[in-house]
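Participant:
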Amino acid sequence: MSDVQNTDERIKETSRLRQALIRPELGGMVGTVAVFVFFALFAFDSGMFNAQGVMNWSVVSAQFMIIAVGACLLMIAGEFDLSVGSMIGFAGMMVAIFGVTFGVPMWLTIIITFVVCVGFGALNGYIVVKTGLPSFIVTLATLFILRGFTIFFPQTIERKTIIGGIREAAEGDWLAPLFGAKIGKPVFQWLGDIGVIDTFQRGNRLGEPVVDGIPMLMVWAIGLVIFGHWLLTRSRFGNWIFAAGGDADAARNSGVPVNAVKIKMFMFTAFCATVFAVCQVMEFGSAGADRGLLKEFEAIIAVVIGGALLTGGYGSVIGAALGALIFGVVQQGLFFAGVESSLFRVFLGVILLAAVILNTYIRRIITGER
Amino acid sequence: MKSTMSKLFATAAIVAAPFAATTALADGHGDDLTYILVSHAPDSDSWWNTVKNGIALAGEQMGVNVEYRNPPTGDLADMARIIEQAAASQPDGIITTLADFDVLSGPVADAVDQGIDVIIMNSGTPEQAREVGALMYVGQPEYDAGYAAGLRAKDDGVGSFVCVNHAISNVTVAERCVGFADGLGIELGDSMIDSGQDPAEVKNRVIAYLNANPETDAILTIGPTSADPTILAVEEMGIAGDIYFGTFDLGDNIVQAIKDGTIQWGIDQQPFLQSYLPVVVLANYDRYGVLPGNNINSGPGFVTADALEKVEEFAGEFR
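Protein sequences, first through last, are from chains A and B. Per my numbering, residue 53 is the first one in the first sequence, and the count goes up by one each step. Per my numbering, residue 449 is the first one in the second sequence, and the count goes up by one each step.
(1) In this structure, what does DSSP give as the bridge partners for Asn305/A?
(2) Checking the sheet assignment: what are the DSSP bridge partners for Cys324/A?
(3) From what residue to what residue does the beta strand (DSSP E) around Gly689/B run?
(4) So is Thr521/B in contact with chain A if we call contact Cβ pairs under 8 Å?
(5) Counting along the chain, where does the beta strand (DSSP E) carrying Ala666/B start and finish?
(6) Under the rule that 16 or more other beta-carbon atoms within 10 Å means buried, what is Phe196/A, buried or exposed?
(7) Check the Cβ-Cβ distances between Val112/A and every residue of chain B, and say whether any is below 8 Å.
(8) Go through the segment 550-596 of chain B residue by residue and report every complete run of the alpha helix (DSSP H) that reaches 4 residues or more, in order.
(9) Does the beta carbon of Leu505/B come closer than 8 Å to any beta carbon on chain A?
(10) Can you list the alpha helix (DSSP H) stretches of 4 or more residues lying completely in the segment 493-556 of chain B, in chain order?
(11) Give a yes or no on contact between the segment 388-402 of chain A and the segment 299-318 of chain A, applying the rule of three or more CB pairs nearer than 8 Å.
(12) Could you give the uninterrupted runs of the beta strand (DSSP E) lying entirely in the segment 231-286 of chain A, keeping only those of 3 residues or more?
(13) For Ala753/B, tell me which candidate among Val556/B, Asp716/B, Asp708/B, Asp734/B has the shortest Cα-Cα distance.
(14) Is the beta carbon of His614/B closer than 8 Å to that of Gly644/B?
(15) Could you compute how far the alpha carbon of Ile616/B sits from the alpha carbon of Ala148/A?
(16) If you drop the 5 nearest sequence neighbours on each side, which residues of the same chain put their C-beta closer than 7 Å to that of Gly119/A?
(17) Over what stretch of residues does the alpha helix (DSSP H) that includes Tyr366/A continue unbroken?
(18) Using a Cβ-Cβ distance under 8 Å, would Asn652/B count as near chain A?
(19) Distance cutoff 8 Å, beta carbons only. Does Ile203/A sit that close to anything in chain B?
(20) Determine the DSSP secondary structure at Thr710/B, reduced to helix, strand or coil.
(21) Taking the C-alpha atoms as reference points, what is the distance between Met100/A and Val111/A?
(22) Check whether the Cβ atoms of Gln717/B and Ala593/B lie closer than 8 Å to each other.
(23) Does the beta-carbon distance from Asp768/B to Gly587/B come in below 8 Å?
(24) Can you look up Val486/B in the DSSP assignment and give me helix, strand or coil?
(25) Using only CA atoms, which one of Ala354/A, Met139/A, Ile189/A lies nearest to Met319/A?
(26) I'd like the list of long-range same chain contacts for Ala528/B, defined as Cβ closer than 7 Å, with 5 residues on each side in sequence excluded.
(27) I need the straight-line Cα distance from Ala474/B to Ile531/B, nearest angstrom please.
(28) Can you give me the C-alpha to C-alpha distance between Arg75/A and Asn108/A, rounded to a whole angstrom?
(29) Cα separation between Thr669/B and Phe628/B?
(30) Can you tell which of Phe379/A, Phe399/A, Gly359/A, Val333/A has the C-alpha that lies nearest to the C-alpha of Met158/A?
(31) Just checking my contact of Val355/A with Gly375/A at CB under 8 Å: how many whole Å lie between their CB atoms?
(32) For the segment 525-548 of chain B, which residues have a beta carbon sitting closer than 8 Å to at least one beta carbon of chain A?
(33) Could you please give the first and the last residue of the uninterrupted alpha helix (DSSP H) stretch that includes Phe609/B?
(34) Check the DSSP bridge columns for Val382/A and list the partner residues they point to.
(35) Taking only runs that begin and end inside the segment 69-98 of chain A, name each unbroken alpha helix (DSSP H) of 4 or more residues, in chain order.
(36) Do the CB positions of Arg767/B and Phe693/B come within less than 8 Å of each other?
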């Protein structure tokens with residue numbers, strides 16, 4: 053703060069440029085540009101920016117986005133959910149056990165899975181608000197419980213920890229395509245025909261384009277980001293989320309239903325994890341007990357890169373989405389750039405640190421804290 | 449702050465530069481062949497170091513570029529993305545495992561259909577390799593290896609066992625225990641325990657199991673990740689050398705334990721060959737169009753206290 057002549061900071065004039073720049077997602081924007089410039093320099097001719105390469109890192113980013121939106125809103129509401137990764141494994145396994153082993157119709161299987169998983173989310177939230185324990189501990193317990201069930205159930209029922217055959221079970225179902233289908237196939241076929249996208253050179257998909265549509269996973273990611281952004285910035289509930297995370301007592305005193313807000317956000321996080329899981333099992337056709345390992349941290353990392361504050365009350369869904377994009381592009385881009393894969397985590401750590409430092413700086417300018 | 453960011457990326461660029469440079473090395477053949485090996489192993493699995501060394505040596509000897517990639521947490525869905533990524537970068541060949549056929553068959557078949565030659569190594573079966581359109585399968589038929597080990601143990605008078613499985617989600621690896629049980633002529637039942645990957649956890653679970661089931665004749669571990677802590681467990685319980693102990697795969701500690709008599713035998717699937725041979729096969733196929741007519745069995749080979757010298761010298765590096 054260079055000029056402290058004004059006595060009331062609320063009427064202090066700031067330049068337009070400064071106003072436009074000073075946003076929670078600024079760090080995410082700068083990072084996104086920097087990451088793309090970096091890979092354009094080091095991996096441009098590696099196939100990273102052809103249709104197949106773009107689809108590769110877009111899908112990975114979309115995966116991160118889905119769980120980051122939930123984690124972002126929950127974090128702004130002042131809580132954590134460490135059970136996201138386990139929830140992904142658990143939800144996928146539920147689809148496999150109900151849909152394949154028990155032969156329940158796939159639409160009913162998907163609905164049951166969503167109900168049970170969102171129920172677990174509600175339970176997480178209920179325990180947190182009722183006991184006043186840190187959500188860190190409560191959801192850490194859920195992490196173990198869900199992962200344990202994910203290994204126990206298939207082991208007991210099928211004597212193995214990977215259950216396949218989900219694609220076959222989902223064939224002809226009316227609800228499954230909402231998670232597993234690809235849209236825009238004719239457009240991509242046309243792009244393949246005119247030579248914009250490479251086509252398969254042999255096999256039974258000869259002549260089809262190597263990228264044959266936008267997976268529903270990406271549609272979900274974009275939809276959830278738009279919904280989350282609208283909810284947070286354009287609705288009354290969004291203000292409640294900020295209030296619940298900023299100062300729960302003050303919010304309670306001004307009539308915000310803090311407990312209900314937090315429980316709903318835990319449920320939304322579980323919902324996002326379940327969307328992730330159902331899309332994944334529909335694409336790959338099997339559920340494994342080790343799916344989703346460490347995904348909770350990847351979600352939190354994306355959110356933090358996107359400028360949200362770990363202590364709650366501050367953040368942006370667009371920022372979290374950009375964080376997810378950065379994370380996805382870096383993760384896949386390092387492979388394209390031919391970086392030794394054992395150095396992957398080093399890069400991840402460096403980027404996380406850089407993003408947090410940048411975001412802290414930006415936040416200090418906005419809030420004026422020292 | 450901007451300058452800090454740019455400094456940061458400059459640093460990253462400097463770190464990345466040597467790796468980018470290696471891919472552009474001329475190899476003396478006038479061609480610029482690149483092969484990518486995608487494994488299913490998490491960063492924590494040290495056994496795959498032999499595979500890394502094997503592919504690096506083959507790349508050096510054949511004058512081709514080789515790259516090794518793996519999903520950091522061992523999540524097979526992430527591995528599928530890496531295979532898709534590898535295909536997008538248009539290499540001359542991909543060497544990969546089929547740790548979960550449902551998840552990986554799609555991406556692998558897509559790579560094959562794009563005109564990329566694929567060899568399946570380690571996990572999977574020759575039938576699955578043929579189904580995805582791979583050139584060949586290089587590895588150890590796990591069930592057969594387990595069965596052979598079971599027969600051997602039966603001859604040594606074993607009637608019951610515990611299988612310490614640190615990779616419970618890998619179906620192919622579980623086949624080892626199933627084969628072993630069939631070789632012994634008993635039901636697998638509850639003899640397979642999920643040990644987890646953490647050494648202390650593995651050790652304590654083995655101790656707990658052996659205390660709860662003192663009549664257990666034999667221990668079968670499925671790799672160094674489960675074998676190393678199990679060695680400590682039997683030493684701590686004072687039954688080292690007393691209880692019948694066999695293991696799959698080799699490593700420094702396993703070799704030492706074979707020498708000490710704690711472990712009766714180790715089954716070597718010779719991972720070196722699983723990464724070395726595919727590179728040799730692919731390079732000669734791309735250069736001269738020659739291809740061996742069949743799948744290659746890299747194992748099983750039993751390693752006992754009798755022939756340990758070479759094994760000891762290169763354990764963890766090439767053995």
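In this text, a Cβ means the ideal position worked out from N, Cα and C, and glycines have one as well.
Facilitator: By the coordinates alone:
(1) In DSSP, Asn305/A forms no bridge with anything.
(2) Paired residues: none, contrary to the question.
(3) Taken as a continuous stretch (DSSP letters only), Gly689/B belongs to no beta strand (DSSP E), as it is neither H nor E.
(4) yes
(5) 666-669
(6) exposed
(7) yes
(8) 574-579
(9) no
(10) 497-510, 524-536
(11) no
(12) none
(13) Asp708/B
(14) yes
(15) 17 Å
(16) Here the sequence assigns Ile to residue 119/A, which means Gly is not the residue at that position. Taken in chain order, the residues that qualify are Val136, Cys324, Ala325, Phe328, Lys347, Ala351.
(17) Segment: none, Tyr366/A is in no alpha helix (DSSP H) and carries neither H nor E.
(18) no
(19) yes
(20) coil
(21) 13 Å
(22) yes
(23) Missing from the structure shown is residue 768/B; chain B here goes from 449 to 767 and no further.
(24) strand
(25) Met139/A
(26) Val551, Leu552, Pro555
(27) Residue confidence for Ala474/B is low, a pLDDT of 42 falling below 50, so the modelled location carries little weight; the figure read from the coordinates is stated next. Distance between the alpha carbons of Ala474/B and Ile531/B is about 26 Å.
(28) 30 Å
(29) 11 Å
(30) Val333/A
(31) 6 Å
(32) Ala525, Ala528, Arg529, Ile530, Glu532, Gln533, Ala534, Ala535, Ala536, Ser537, Gln538, Asp548
(33) From DSSP, Phe609/B is part of no alpha helix (DSSP H) but of the beta strand (DSSP E) over 609-613.
(34) In the DSSP output, where bridge partners are listed per residue, Val382/A has none listed.
(35) 78-94
(36) no
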